[in-house]
Structures are given as structure tokens and as C-alpha cells.
Amino acid sequence: MTTQAYRAALLHCVADPNDVGIEAACEFVEDGLLVVTDGRIDAMGNAATLLPVLPEGTEVIEHPDALITPGFIDTHIHYPQTGIIASYGEQLLDWLNNYTFPAEGAFADSAKAAEVADIFLKELLRNGTTTALVFGTVHKQSVEAFFEAAEKLNLRMIAGKVLMDRNAPDFLVDTPESGYADSKELIERWHGKGRLHYAVTPRFAPTSTPEQLTLAGQLLGEYPDIYLHTHLSENIKEIEWVKSLFPERSGYLDVYDHYQLLGKRSVFAHGVHLCDEECARLSETGSAVAFCPTSNLFLGSGLFKLPQLEQYKVNVGLGTDVGAGTSFSMLQTVNEAYKVMQLQGKKLHPFKAFYLATLGGARALRLEDRIGSFAQGNDADFVVLDYHATPLLSYRLKQAKSLEEKLFALMMLGDDRTVKETYAMGVKVHQR
Ligand code: GUN
Ligand code: ZN
1 MTTQAYRAAL LHCVADPNDV GIEAACEFVE DGLLVVTDGR IDAMGNAATL LPVLPEGTEV
61 IEHPDALITP GFIDTHIHYP QTGIIASYGE QLLDWLNNYT FPAEGAFADS AKAAEVADIF
121 LKELLRNGTT TALVFGTVHK QSVEAFFEAA EKLNLRMIAG KVLMDRNAPD FLVDTPESGY
181 ADSKELIERW HGKGRLHYAV TPRFAPTSTP EQLTLAGQLL GEYPDIYLHT HLSENIKEIE
241 WVKSLFPERS GYLDVYDHYQ LLGKRSVFAH GVHLCDEECA RLSETGSAVA FCPTSNLFLG
301 SGLFKLPQLE QYKVNVGLGT DVGAGTSFSM LQTVNEAYKV MQLQGKKLHP FKAFYLATLG
361 GARALRLEDR IGSFAQGNDA DFVVLDYHAT PLLSYRLKQA KSLEEKLFAL MMLGDDRTVK
421 ETYAMGVKVH QR
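Residue numbers (the UniProt record's numbering): 1 to 432.
1. Going by beta-carbon coordinates alone, are Asn127 and Asp321 separated by less than 8 Å?
2. With a 10 Å radius around its C-beta and 16 neighbouring C-beta atoms as the bar for buried, classify Lys406 as buried or exposed.
3. Buried or exposed: where does Lys140 fall if 16 or more other Cβ atoms within 10 Å of its Cβ makes it buried?
4. Spatial neighbours of His273 within its chain, please: C-beta separation below 7 Å, excluding the five flanking residues on both sides.
5. Three-state secondary structure (DSSP) at Asn296?
6. Please list the terminal residues of the continuous alpha helix (DSSP H) segment that includes residue 435.
7. The alpha helix (DSSP H) that contains Arg156, what's its start and end?
8. Considering Pro202, what are the terminal residues of the beta strand (DSSP E) in which it resides?
9. If distances are taken between C-alpha atoms only, which option among Leu228, Glu284, Gln342, Asp254 comes closest to Ala290?
10. Would you call Val20 buried or exposed, if buried means 16 or more other Cβ atoms sit within 10 Å of its Cβ?
11. Quick one, what's near ligand 2 if you take every residue whose CB is closer than 5 Å to any heavy atom, in chain order?
12. Quick check on the contact list: which residues have their beta carbon closer than 6 Å to a heavy atom of ligand 1?
13. Alpha helix (DSSP H) containing Met330: first to last residue?
14. Should Thr326 and Ile119 be called a contact, given that it needs their Cβ atoms to be closer than 8 Å?
15. Taking DSSP as the reference, what is the three-state secondary structure of Ser301?
16. Going by DSSP, what residue range makes up the alpha helix (DSSP H) through Thr130?
17. Just mark Asp165 as buried or exposed, buried being the case when its beta carbon has 16 or more other beta carbons within 10 Å.
18. Examine the Cβ distances between the segment 45-59 and the segment 25-32 and report whether three or more of them are shorter than 8 Å.
19. Would you list, in sequence order, the uninterrupted alpha helix (DSSP H) runs of no fewer than 4 residues that lie entirely inside the segment 3-77?
20. Would DSSP call Glu421 helix, strand or coil?
21. What is the DSSP secondary structure of Asp416, reduced to helix, strand or coil?
22. Quickly, what does DSSP pair Val427 with across the bridge? List them, please.
23. Spell out the partners DSSP gives Asp386 in its beta bridges.
24. Taking a contact to mean a Cβ-Cβ separation below 8 Å, would you say Phe204 touches Thr230 in this structure?
25. Measuring straight from C-alpha to C-alpha, what distance separates His430 and Leu297?
26. I believe Thr263 touches Ser295 by the beta-carbon criterion, under 8 Å. Please report the beta-carbon distance rounded to the nearest angstrom.
27. Arg370: which of Lys401, Leu331, Met425 sits nearest, CA to CA?
28. Note down, in chain order, each residue of its chain lying with its Cβ closer than 7 Å to the Cβ of Phe408, except the 5 sequence neighbours on either side.
29. Would a C-beta distance cut-off of 8 Å place Gly105 and Glu151 closer than the cut-off?
30. Which partner residues of Ser142 appear in the DSSP bridge assignment?
31. Keeping to the same chain, check which residues put their C-beta closer than 7 Å to that of Tyr355; ignore five residues upstream and five downstream.
32. Spatial neighbours of His388 within its chain, please: CB distance less than 7 Å, with the 5 preceding and 5 following residues excluded, ordered by chain position.
33. In whole angstroms, what separates the C-alpha of residue 460 from that of Ala9?
34. Helix, strand or coil for Tyr355? Go by DSSP, reduced to three states.
35. Expressed to the nearest angstrom, what Euclidean distance is found between the alpha-carbon atoms of Gly251 and Val242?
36. Drop a sphere of 10 angstroms on the beta-carbon of Ser244, count the other beta-carbons inside from all chains shown, and report buried for 16 or more, exposed for fewer.
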């Protein structure tokens with residue numbers, strides 16, 4: 001058995017602020033100790049209480065000017081779009097045709113996929129993100145390369161091969177049968193290996209035929225603990241297109257519902273333009289929605305209505321949605337989420353925002369018994385956030401009179417520079 005201890009300020013969520021109130025949702029210890037044994041959380045609490053009872057000879061690593069929190073959880077991102085982040089001028093459908101599809105074509109090449117997977121994972125870890133729900137491309141080898149790279153770092157990652165058999169360039173389509181067979185092979189090889197999980201990944205309703213969506217539903221029936229990951233109601237023209245392709249369905253969500261793609265492990269990215277009935281159905285089926293503020297602003301998709309989803313008790317996580325999203329940083333993502341709420345006359349409390357980036361994301365992914373908080377036995381995935389990362393942050397934090405104020409400033413001013421170290425299963429995987 002090996003034990004390490006980390007002494008710093010500690011912060012994690014134990015509940016959703018909506019359920020228990022702002023005060024009771026987070027636990028904060030000013031002079032805390034995080035005790036990690038064999039890659040798992042052993043204890044978290046006051047240094048004064050825990051230091052005397054540490055096993056003899058335990059190494060204590062001190063971070064006097066830092067805050068340790070659980071690793072961030074990104075509930076929607078595309079690794080093959082790393083190279084097209086910040087592409088100018090288009091909204092969703094033109095952005096897909098002009099930038100995304102051409103870029104994704106290159107992932108037929110395993111070497112290219114491996115190269116980008118490596119860059120992508122490094123970028124996640126530099127930003128303190130330790131778990132993500134990740135789109136590959138249509139190519140099976142894109143997901144092979146991603147899982148191989150994630151396995152080497154012992155990361156908890158969820159990914160899947162894109163299913164796309166129409167309305168896309170020839171070099172980027174599969175067939176219902178090949179998509180099904182390739183997904184099955186990947187599930188058999190990777191799902192449950194180490195900390196890896198598989199997500200059946202139809203791109204979105206317009207790029208799959210009814211036959212393909214039927215087979216996606218069949219896969220979910222065959223493997224009850226795999227995920228479903230897709231896009232939903234992001235852009236007005238997209239929604240109109242879905243209605244014209246599936247006139248017999250009552251709306252966008254009903255397409256997925258009809259093919260039995262809703263459920264506890266189903267995550268729908270965006271959901272910017274949902275009606276009340278759709279929110280009710282998402283809630284009833286335990287499905288989750290990924291709120292992707294930087295992407296929704298960048299592509300001009302619209303303002304996510306968090307209060308509406310909360311009213312219906314829909315599980316919500318935060319996503320960067322890189323490459324339509326403009327930052328890998330969950331701190332920057334929270335910053336933009338705050339502004340999206342402001343534009344609707346609403347507030348996003350710093351504790352709620354922190355919840356969404358950690359425990360809320362874990363709950364959206366049904367992984368709250370493994371990640372997202374410092375509960376005993378959880379995977380020791382955590383980040384060390386540097387109060388002095390930049391002169392401005394340091395100066396601003398000196399003025400802060402409360403934890404809320406401090407956390408809010410960290411989220412508004414923080415980015416990859418704020419992440420001093422990142423740990424996965426108790427192992428340091430990034431140091432600034
Ligand atoms: N809808 C279908 N594909 C995509 C994609 O790659 N990114 C985003 N943001 N929306 C999509
Ligand atoms: Zn996306």
C-alpha cells in the first residue's frame with residue numbers, strides 16, 4: 001500500500017445546490033489534507049486532524065497557495081476537431097461542411113489519429129480535465145487511437161465511433177451494418193477496460209438513416225451499461241432539417257426517443273431550443289444534457305436555458321464542445337456559462353458553476369460513485385489550482401473576502417495557467 005497526502009485548501013461538492021441549498025452543497029477546508037492510498041481517496045479533512053494519524057513515513061506534499069479540487073469533467077467534446085478550433089465565420093451546418101468534415105477525413109489514418117489523440121489529452125490535462133465524453137470520427141481507428149492513448153495515462157474516458165450513413169461526404173460515411181459491427185468490436189475491446197467506457201455515437205439525427213438509428217438502439221439493448229452520445233436541438237436550421245427528414249416524428253427529441261436512444265446513460269449535447277415536453281421526457285428517462293456555452297456563443301446557436309432544464313430536473317453537465325467550443329478550459333467554460341445566464345437576467349452562483357464542472361458532470365455521466373468529489377474510495381483525480389497563476393489573479397484574490405468571491409474570481413480569470421498540477425488515479429499527469 002502506498003499513501004501520499006496533499007496539504008492545501010480543499011473544495012468539493014457533496015450535493016447539487018438546487019437540492020440542499022448553496023451553503024450545504026460544498027465542503028471547504030482552509031488548511032486541508034487530501035489523503036490518497038493506491039490511487040484512491042482515503043480521506044479529506046482538516047490537516048490538524050489528519051496529519052497525526054497518517055501512516056508512518058507518508059510523504060506530505062504542501063501547496064500553501066493553492067486550492068485542490070476534483071478534476072474537471074467535460075461532458076461533450078470532439079477530439080478530432082482539436083486542429084480546427086477557432087475557425088471563422090459560420091453557423092452550425094456550414095461550419096460542419098466547410099471545416100469539420102474535411103478535417104475529420106484525415107482520421108482514416110491511424111498515425112494521424114494517434115498524433116491528435118496525444119495532443120488532445122495533453123491539452124485536457126493542462127486544463128485540469130480528467131474525464132471527458134468524447135466524439136471520435138466515423139473511422140474505427142480514430143477511437144482505437146484515442147483509447148490507446150487514454151489507457152496509457154490511466155484516465156477515465158468515454159468515447160465512441162461516429163455513426164453517420166447519410167448527408168455527409170463519401171469519405172466520411174459508414175453503413176448501418178458496418179457502423180454496427182465496428183461499434184460492437186470497439187465495445188468488446190474497450191468498454192470496461194481500465195477506466196474506459198464506450199458511447200454509441202450517432203453524430204446527429206440528420207446524418208443517420210432510420211436503419212442506422214434502429215441499430216444504435218439495438219446496441220444499447222445488447223450492452224446495458226454503455227452510453228449514448230449525440231447532438232440535439234442546437235441550431236434553428238438544424239431543427240427544421242430534422243423535422244423535414246423525420247416528418248412522422250413530433251420533434252427532434254422524439255426522433256431519438258422513437259429509436260430507443262433515451263436513458264440514464266444518454267447524453268445530448270446542446271439542447272438550446274427545447275420545448276417543455278422535451279424537457280419532461282429527458283427528465284422522465286434520466287437522460288442528460290451537456291451545456292456548451294462557448295460553442296453556443298461561437299456558432300451563434302443561442303442561449304441555453306438552464307433554469308428550464310432545472311425546473312424539469314434534467315441532469316445537466318458542462319461541455320466545452322471543442323472544436324466549436326473556443327477553449328479546453330472548464331474554468332473558461334464556466335465563465336461563459338455565467339454570461340449566458342446574465343444575458344437571460346439570471347445568475348450562476350459560483351458554487352453551482354463549480355458543481356456543474358465537477359459532481360454535476362459526474363452525475364450526468366452516472367459516474368458519481370467514482371469521480372467528481374472527494375468521497376472516500378473515489379478515483380484520486382484532482383487538480384491543484386494556483387492562486388498566483390497570474391499577477392492579476394493574485395491581486396484580485398487578495399481583495400476577496402469570502403470563499404464565494406475567491407471561487408468566482410478563479411472561474412472568471414482562470415484558464416490553463418491556473419492549473420498547476422493534474423493527477424489521475426493519484427499519479428501526476430500534468431505539471432505546469
Ligand atoms: N452537430 C452535428 N455534428 C456536430 C459537431 O461536430 N459539432 C457541433 N457543435 N454540433 C454538431
Ligand atoms: Zn459537439
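Every residue, glycine too, gets a C-beta built ideally from N, C-alpha and C.
This one's a predicted model, so the numbers in the text were calculated from it and none came from an experiment.
The answer reads as follows:
1. Here residue 127 corresponds to residue number 127 of the sequence shown, with the count starting at 1. Here residue 321 corresponds to residue number 321 of the sequence shown, with the count starting at 1. In this structure, Asp321 does not lie closer than 8 Å to Asn127 by Cβ.
2. Translated into the one-based positions of the sequence shown, residue 406 becomes position 406. The residue in question, Lys406, is buried, as its Cβ has 16 or more Cβ neighbours within 10 Å.
3. Taking the first residue of the sequence shown as 1, we reach residue 140 at position 140. Under this definition Lys140 is a buried residue.
4. Stepping through the sequence shown from its first residue, residue 273 is reached at position 273. For His273, where only same-chain residues beyond five positions count, the Cβ hits under 7 Å are Ser233, Ile236, Ile239, Gly302.
5. Here residue 296 corresponds to residue number 296 of the sequence shown, with the count starting at 1. The answer is helix: DSSP assigns Asn296 an H, G or I state.
6. Given that the chain is displayed from residue 1 to residue 432, the structure contains no residue 435 and the question cannot be resolved.
7. Position 156 of the sequence shown holds residue 156. Per DSSP, Arg156 belongs to no alpha helix (DSSP H); it is in the beta strand (DSSP E), 156-160.
8. Within the sequence shown, residue 202 is the residue found at index 202, counting from 1. Run containing Pro202: 196-202, per the beta strand (DSSP E) assignment.
9. Counting from 1 along the sequence shown, the entry for residue 290 is found at position 290. Ala290 has its Cα closest to that of Leu228, out of Leu228, Glu284, Gln342, Asp254.
10. The residue you call residue 20 lines up with position 20 of the sequence shown. By the neighbour-count rule (16 or more Cβ atoms within 10 Å), Val20 is not buried but exposed.
11. Here the list is Ala269, Asp321.
12. His78, Leu92, Leu96, Thr100, Arg203, Phe204, His231, Glu234, Ser295, Asp321, Ala324
13. One-based indexing of the sequence shown puts residue 330 at position 330. Run containing Met330: 330-342, per the alpha helix (DSSP H) assignment.
14. By one-based count along the sequence shown, residue 326 stands at place 326. By one-based count along the sequence shown, residue 119 stands at place 119. No.
15. Numbered from its first residue, the sequence shown carries residue 301 at position 301. Looking at Ser301 - three-state DSSP - the assignment turns out to be coil, as it is neither helix nor strand.
16. Sequence index remark: in the sequence shown, residue 130 carries index 130 (1-based). Taken as a continuous stretch (DSSP letters only), Thr130 belongs to no alpha helix (DSSP H), being part of the beta strand (DSSP E) at 129-135.
17. Here residue 165 refers to the residue found at position 165 when the sequence shown is read from its first residue. Classification for Asp165: buried.
18. Contact holds: three or more Cβ-Cβ distances are below 8 Å.
19. The segment 3-77 is shown to contain whole alpha helix (DSSP H) runs of 4 or more residues at 17-20, 22-25, 47-50, in chain order.
20. Start at 1 with the first residue of the sequence shown, and residue 421 comes out as number 421. In the structure shown, the three-state DSSP call for Glu421 is strand.
21. To locate residue 416, count along the sequence shown from 1; it is residue 416. DSSP places Asp416 in helix when its eight states are reduced to three.
22. Within the sequence shown, residue 427 is the residue found at index 427, counting from 1. Val427 is bridged to Ala424.
23. Stepping through the sequence shown from its first residue, residue 386 is reached at position 386. According to DSSP, which records beta bridges pairwise, Asp386 is partnered with Ala66.
24. Along the sequence shown, one-based indexing puts residue 204 at 204. Along the sequence shown, one-based indexing puts residue 230 at 230. Their beta carbons are under 8 Å apart, which means Phe204 touches Thr230 by this criterion.
25. What you label residue 430 is simply residue 430 of the sequence shown in a count that begins at 1. What you label residue 297 is simply residue 297 of the sequence shown in a count that begins at 1. Distance between the alpha carbons of His430 and Leu297 is about 30 Å.
26. For the purposes of this step, residue 263 is taken as the residue at position 263 of the sequence shown. For the purposes of this step, residue 295 is taken as the residue at position 295 of the sequence shown. According to the sequence provided, residue 263 is Gly. The question's Thr does not apply to it. Not really, about 24 Å apart at Cβ, beyond 8 Å.
27. Position 370 of the sequence shown, counted from the first residue, corresponds to residue 370. Closest by C-alpha distance to Arg370, out of Lys401, Leu331, Met425, is Met425.
28. Along the sequence shown, one-based indexing puts residue 408 at 408. Cβ within range, chain order: Pro350.
29. Within the sequence shown, residue 105 is the residue found at index 105, counting from 1. Within the sequence shown, residue 151 is the residue found at index 151, counting from 1. Contact flag unset, no.
30. Counting from one through the sequence shown, the residue named residue 142 turns up at place 142. Partner(s): none; Ser142 has no beta bridge.
31. On the sequence shown, residue 355 is found 355 positions in, with the first residue counted as 1. Result list for Tyr355: Cys13, Asp16, Pro17, Ala25, in chain order.
32. The count along the sequence shown starts at 1 and reaches residue 388 at position 388. Only Asp65, Ser394 meet the Cβ criterion.
33. No answer is possible for residue 460: the residues shown for the chain start at 1 and end at 432.
34. Counted from its first residue, the sequence shown places residue 355 at position 355. Tyr355: helix per DSSP, three-state reduction.
35. As a first step, residue 251 must be located in the sequence shown, where it is residue number 251. As a first step, residue 242 must be located in the sequence shown, where it is residue number 242. Rounded to the nearest whole angstrom, the CA to CA distance from Gly251 to Val242 is 8 Å.
36. Position 244 of the sequence shown holds residue 244. Per the 10 Å Cβ criterion, exposed.
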